[in-house]
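Below is one structure, written out as structure tokens; comments come after it.
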Amino acid sequence: MKKQIILNVACPVCQKSLMNEEVKINGLPSVELNIRSEENKKGTVYLCAAYECFEHQKDMAVEQGEIVGFCCPSCHSELLTRETCRICDAPMVNLGLKSGGFVKICSRFGCFNHYLSMSDLEAEYHRSHVQ
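Below is the structure:
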């Protein structure tokens with residue numbers, strides 16, 4: 002069985018947790034973010050907290066290939082960065098790790114580019130829920 006690192010993420014601006022204990026994906030708390038479509042429609046997305054899991058739930062339709070805006074549900078700060086995806090050139094989304102470091106995900110719906118940077122990889126690995 003493949004081991005998974007379960008991420009505990011927070012807003013990089015206000016530092017509030019983005020974890021939602023009530024909406025679970027694969028039995029785990031989800032990462033809750035506000036989203037905005039290219040047509041300025043607003044909604045919420047819940048991402049799987051397991052690294053390398055791409056399952057999610059959203060309450061609005063998003064077209065394949067559409068670039069989506071991501072905001073913190075607490076402080077409403079935009080989480081898109083100036084950094085662009087190496088695969089599709091869309092802006093990357095920055096999510097802070099509670100224990101230090103960050104996760105970046107592509108903002109283009111359907112692009113699965115992402116990466117993880119931990120302040121202390123070994124300590125984070127043992128602190129995270131490894132299943």
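Each residue of the sequence shown is one higher than the last, beginning at 2 in the numbering used here. Virtual Cβ for every residue (Gly too), placed ideally from N, Cα, C.
Give me the residue from the options with the minimum Cα distance to residue i.
i, options, result
"residue 24", "91, 97, 45", "45"
"residue 79", "112, 92, 59", "92"
"residue 14", "81, 87, 58, 5", "81"
Could you check whether residue j and residue i sit closer than 9 Å to each other, using their CB atoms as the reference points?
i, j, result
"residue 21", "residue 54", "no"
"residue 31", "residue 52", "no"
"residue 16", "residue 102", "no"
"residue 29", "residue 49", "yes"
"residue 10", "residue 36", "no"
"residue 84", "residue 99", "no"
"residue 117", "residue 74", "no"
"residue 65", "residue 110", "yes"
"residue 76", "residue 94", "no"
Spell out the partners DSSP gives residue i in its beta bridges.
i, result
"residue 120", "Per DSSP, none; premise fails for residue 120."
"residue 92", "85"
"residue 58", "47"
"residue 97", "11, 103"
"residue 72", "35, 79"
Q. What are the start and end residues of each continuous beta strand (DSSP E) run of 3 or more residues lying completely inside the stretch 3-47, in chain order?
A. If we require 3 residues or more, the beta strand (DSSP E) runs fully inside the stretch 3-47 come out as 20-26, 29-37.
Q) Is it true that the stretch 33-51 meets the stretch 63-79, where meeting means three or more beta-carbon pairs spaced less than 8 Å apart? A) Look at the beta carbons and you see the stretch 33-51 touching the stretch 63-79: at least three pairs across the two are nearer than 8 Å.
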